[in-house]
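Numbering (this note's numbering), first residue to last: 347 to 573.
This report concerns only the one structure given below.
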Ligand code: APR
């Protein structure tokens, strides 16, 4: 039985990682057009690099929370494929084995020209850090207005899901938010979020709680489906 999970920044909130659109969220403190678009990169590389350097540095100060751990527990009973909008590595650090990052990864950088050249990069990235051909390296992040390379494989996963869990996302960013509509009709669909957005899925099971507790309730309920 394949359980597909679509996670957003809310699953990392209890680890101390800011969400984007909550009060004091990242987009309350930074303008998207200043730090998360190709134009920002063209106009203000240092500002963009500093934004991601600060967020990358924070990874050393945070750890997975019970919400991440619930999804690892689920792997003991089902095949679990996580499609995350998050760029942190908390799912992996919790022990999840199959994690697809739709919007990139903070701990990786890539050549701004040869996009296949991707490097692990735990430290700060600066202007002048280049690939072997001397091209500037950039954060391995999908910026607003850029293609989402993993959307095809993510869509295929959702089509094959036997159950779907949506957790910690305001469902405002596409194409990620549209994935839920590719899940087969009639499968169990859960949405764990203390302030859930309206989602038009028949039979949606909303768990209006934080991930750290709500996901454990979903895990216990799904275990009853184990055939
Ligand atoms: N547990 C579960 N959900 C939570 C928690 C929590 N402890 N705290 C907050 N939330 C929920 C909020 O209610 C909200 O629905 O997490 C969601 C966060 O929404 P956003 O801040 O919009 O984050 P997200 O949906 O992940 O944003 C999607 O937008 O800016 C881009 O690329 C960025 O990947 C990001 C995308």
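Each residue gets a CB set at the ideal place from its N, CA and C atoms; glycine is no exception.
Beta-carbon separation of residue i and residue j under 8 Å?
i	j	result
residue 557	residue 360	yes
residue 431	residue 501	no
residue 472	residue 395	yes
residue 380	residue 393	yes
residue 542	residue 554	yes
residue 536	residue 551	yes
residue 351	residue 417	yes
residue 335	residue 526	Here the chain has residues from 347 to 573 only, and residue 335 is not among them.
residue 421	residue 440	no
residue 446	residue 496	yes
Taking 7 Å as the cut-off, does the CB of residue i come closer than this to any heavy atom belonging to ligand 1?
i	result
residue 371	yes
residue 394	no
residue 431	yes
residue 428	no
residue 361	no
residue 357	yes
residue 380	no
residue 400	no
residue 544	no
residue 434	no
Hey, out of the options, whose CA is closest to residue i's CA?
i	options	result
residue 504	429, 379, 371	429
residue 288	561, 570, 511	Residue 288 falls outside the range modelled here, since the chain spans only 347 to 573, and no answer is possible.
residue 540	355, 350, 351	355
residue 470	530, 350, 398, 440	398
residue 426	498, 365, 507, 371	507
residue 493	519, 566, 352	519
residue 491	475, 349, 521	521
residue 423	547, 347, 391, 509	347
residue 509	523, 568, 459, 480	568
residue 513	496, 421, 538	538
residue 443	450, 459, 419	419
residue 459	482, 450, 441	482
residue 372	390, 400, 353, 349	400
Does ligand 2 have a heavy atom nearer than 7 Å to the CB of residue i?
i	result
residue 365	Ligands present in the displayed structure are limited to ligand 1, and ligand 2 is not among them.
Exercise. Are three or more beta carbon pairs between the stretch 444-460 and the stretch 484-495 nearer than 8 Å?
Worked result: yes
For this session: Tell me, please, whether the stretch 374-385 touches the stretch 464-472 by the rule of three or more beta-carbon pairs shorter than 8 Å.
Result: no
Exercise. Counting pairs of beta carbons, one from the stretch 434-446 and one from the stretch 396-408, are three or more of them closer than 8 Å?
Worked result: yes
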